[in-house]
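Participant:
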Amino acid sequence: MRVLFSIAAALVLAGCADQPITSDQLEPGGMLRDVRDQAAFSVDRAEPQRANFVQLSTVLAAESNGALRDGDSFDAEVGTVHLHLRADGLASARAVSFRWIHGDTATIERGTLEDGRQLSLASSVAIAPHQVGPWRVEVLAEPEGTGVPPEVLFSREFTIE
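Quick note on the numbering used here: the sequence shown kicks off at -1 and runs consecutively.
#1: Could you check where the beta strand (DSSP E) with Val57 kicks off and where it finishes?
#2: Using only the alpha-carbon positions, how far apart do Ile19 and Asp113 sit?
#3: By DSSP, does Ser62 sit in helix, in strand, or in coil?
#4: Going by other Cβ atoms of all chains shown within 10 Å of its Cβ, with 16 needed for buried, is His128 buried or exposed?
#5: Please classify Asp70: does DSSP put it in a helix, a strand, or coil?
#6: Below 8 Å on the Cβ atoms is my contact criterion, and I expect Val79 with Leu58 to pass it. Report the Cβ-Cβ distance as a whole number of Å.
#7: Is Asp42 helix, strand or coil when you go by DSSP?
#8: Nearest CA to the CA of Val52: which residue from Glu159, Ala139, Phe156 and Ser122?
#9: Taking the DSSP output, what are the residues bridged to Ile106?
This is the structure:
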């Protein structure tokens, strides 16, 4: 039994990856004699990329310009709700969509996010007096490909009373 264990241990240690290379395994040029157990491959090193963090500041208001009053609820007679947006840290302009959702109905409007120093009108939705209840506005990234759902970059809920 002891002999069988010694043979098994010798076989396991002979194939160990941490075993040092000895001079009898090298050819005169310094190459390993038997390379059939080695995998030859190369890897392209990826270029490091800087992370880009974007901060969105938003105001939902009944006003399209001038002094804005941020709100989470609006009167049914408001007529239009406006999304004012500021994107800080954006490296370049980015195409987006604004999705206004009420019940099972959604209105989509195309737009662009740009790095800005102040709030600007990004999108608006007309509100009919009978469209009371919860609403949601989303800022969506352009989809990466066909059949891929767009990434939601920002979402905010409000109520029409």
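In this text, a Cβ means the ideal position worked out from N, Cα and C, and glycines have one as well.
Facilitator: Looking at the coordinates:
#1: Gln53 to Ala59
#2: Using only the alpha carbons, I get a separation of about 58 Å.
#3: coil
#4: exposed
#5: coil
#6: About 6 Å separates the two Cβ atoms, so the contact holds.
#7: coil
#8: Ala139
#9: Arg97
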